[in-house]
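Residue numbers (my numbering): 126 to 577. First comes the structure, then the notes that go with it.
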Ligand SMILES: Cc1ncc(COP(=O)(O)O)c(C=O)c1O
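Set out below in structure tokens:
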């Protein structure tokens, strides 16, 4: 039997053991696209090998369907588990809420308590609405801005979810959103009547925003952006955006769905001294339980009463209770300091490992949301091989690392030991043979692709 056939047979045998991959193959027949969130697709990590499903998760540990344990040095609930998976304090509060009844004809008192807490943390805001997921909360913010201004157009930068107002940007040019975190987003099914309503600009490019304003100024309802993501704002950039919003009478919306609660107990914008009119939180505020908050200045938020915004499950109790427990613990333990320390250690470790292996890597992101990328001709194959070799060593690991309160120095040390090892292998492989030959499956996808 030749070597290639032997390799394929071996791979096939390994696949048979992979219960997660078997389930994922079934899921793809039953669930269009396989998963509910693009960022959880196995193809984005390690096609045909990623464990894909978890049986149990606790702190930074995850057990797959075959009972194999991994340390999560990747996205930790895609940014949701800021305290670590199944945090005991948050879970205790949730279980108590379940026991008291999580749903009723009457409202839960905790949502008022949470609204007060969020306004205390952000003294520029006076009113709050709630939803249960990030993209959905952004829809509320945009609707409120449109209701407030009586205008339709939205200038934006960055990624803000899957909804029509946002994907409308790709209607005229299919690649308009490619530079905004996720490439290849397909806008099929979004009404063509929305063409020209979502106008993208790049972060730190005030000139691009100025151009949008000179073409569409009086029609702009809102400027929507993350206050920070991968790069620090250039001096004056956020202030410039604020001044443009004021001069237009447009609503400035900061999307804090991923950036929130990483740099302090609240929005990242608090670090930069520029306040929006509306800020939107989800993901990290409730440590894995569905919750989202839209906070804002009362004059702006009052516009929510001039339009219909209402949903049954926005009234359930678990989200509010989980958010209260998460935010209080976050504040008490100064969680953001810990995230900064852990993320910084990882960034330093990536750079040191790359240097000693003779690999070129770029490292970016605020410490709690760290990223690296190989700078080579075949970078995506190198990233895929990194994930494969780290998985074999017991780590869920990819190009990004989102720190949690559950990560301790010892996890980082163990992880970086393996990173050094794996970077060496990648460097040596690149000298001798192709990285692709080392892969047991296809190279990972880089964005949205239709699955067959
Ligand atoms: C900045 C930002 N906005 C919006 C979203 C969408 O949030 P969700 O996935 O909860 O709908 C995300 C998700 O990654 C995000 O990072």
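Just so you know, even glycine gets a beta-carbon here, dropped at the ideal spot from N, CA and C. Keep in mind the model is a prediction, meaning the values are calculated, not measured.
Spatial neighbours of residue i within its chain, please: C-beta separation below 7 Å, excluding the five flanking residues on both sides.
| i | result |
| --- | --- |
| residue 359 | 329 |
| residue 548 | 478, 479, 482 and 484 |
| residue 206 | 412, 413 and 529 |
| residue 323 | 279, 281, 290, 291, 293 and 294 |
| residue 507 | 499, 501, 551 and 560 |
| residue 170 | 512, 523 and 569 |
| residue 567 | 172 and 173 |
| residue 543 | 515, 518 and 520 |
Within 10 angstroms of the Cβ of residue i, are there 16 or more other Cβ atoms? Answer buried if so, exposed if not.
| i | result |
| --- | --- |
| residue 199 | buried |
| residue 363 | buried |
| residue 326 | buried |
| residue 192 | exposed |
| residue 511 | buried |
| residue 176 | buried |
| residue 167 | buried |
| residue 451 | buried |
| residue 311 | exposed |
| residue 320 | exposed |
| residue 127 | For residue 127, the predicted model reports a pLDDT of 45, less than 50, meaning its position is unreliable and no value from the coordinates is stated. |
| residue 572 | exposed |
| residue 532 | buried |
| residue 444 | buried |
| residue 162 | exposed |
| residue 430 | exposed |
| residue 406 | buried |
| residue 88 | Any question about residue 88 goes unanswered here, given that the chain covers just 126 to 577. |
| residue 189 | buried |
| residue 299 | exposed |
| residue 379 | buried |
| residue 556 | exposed |
| residue 305 | buried |
| residue 361 | exposed |
| residue 228 | exposed |
| residue 250 | buried |
| residue 408 | buried |
| residue 154 | exposed |
| residue 274 | buried |
Considering only residues of the same chain and omitting the five flanking positions on each side of residue i, which have a CB-CB separation below 6 Å?
| i | result |
| --- | --- |
| residue 353 | 384 and 393 |
| residue 527 | 200, 201, 204 and 494 |
| residue 260 | 286, 287 and 288 |
| residue 492 | 465, 468 and 469 |
| residue 521 | 195, 197 and 199 |
| residue 388 | 396 and 461 |
Taking the DSSP output, what are the residues bridged to residue i?
| i | result |
| --- | --- |
| residue 439 | Partner(s): none; residue 439 has no beta bridge. |
| residue 278 | 345 |
| residue 264 | For residue 264, which the question treats as bridged, DSSP gives no partner whatsoever. |
| residue 198 | 522 |
| residue 325 | 281 |
| residue 183 | 186 |
| residue 294 | Beta-bridge pairing links residue 294 to no other residue. |
| residue 255 | 418 |
| residue 527 | 494 |
| residue 350 | 379 |
Within the continuous beta strand (DSSP E) that includes residue i, where are the two ends?
| i | result |
| --- | --- |
| residue 403 | 403–406 |
| residue 186 | 186–189 |
| residue 416 | No beta strand (DSSP E) holds residue 416; DSSP gives it neither H nor E. |
| residue 315 | That residue, residue 315, is in no beta strand (DSSP E); it is neither H nor E in DSSP. |
Which residues bound the alpha helix (DSSP H) around residue i?
| i | result |
| --- | --- |
| residue 539 | 534–557 |
| residue 380 | That residue, residue 380, is in no alpha helix (DSSP H); its beta strand (DSSP E) goes 376–380. |
| residue 149 | 144–155 |
| residue 573 | Here residue 573 belongs to no alpha helix (DSSP H), and DSSP marks it neither H nor E. |
| residue 579 | Residue 579 lies beyond the residue range present for the chain, which begins at 126 and ends at 577; the question has no answer from this structure. |
| residue 365 | 362–373 |
| residue 562 | 560–563 |
| residue 395 | 394–397 |
| residue 164 | No alpha helix (DSSP H) holds residue 164; DSSP gives it neither H nor E. |
| residue 423 | 423–426 |
Please return the same chain residues whose Cβ sits closer than 8 Å to the Cβ of residue i, not counting the five positions on each side in sequence.
| i | result |
| --- | --- |
| residue 449 | 218, 235, 238, 239 and 242 |
| residue 460 | 207, 208, 386, 390, 454 and 530 |
| residue 434 | 254, 265, 268 and 269 |
Any chance you could list the beta strand (DSSP E) runs of at least 3 consecutive residues sitting entirely within the region 456–511, in chain order?
List check, beta strand (DSSP E) in window: 486–489 and 494–499.
Give, in chain order, every unbroken run of the alpha helix (DSSP H) that is at least 4 residues long and sits entirely within the region 209–242.
For the region 209–242, whole alpha helix (DSSP H) runs of length 4 or above, ordered along the chain, are 213–225.
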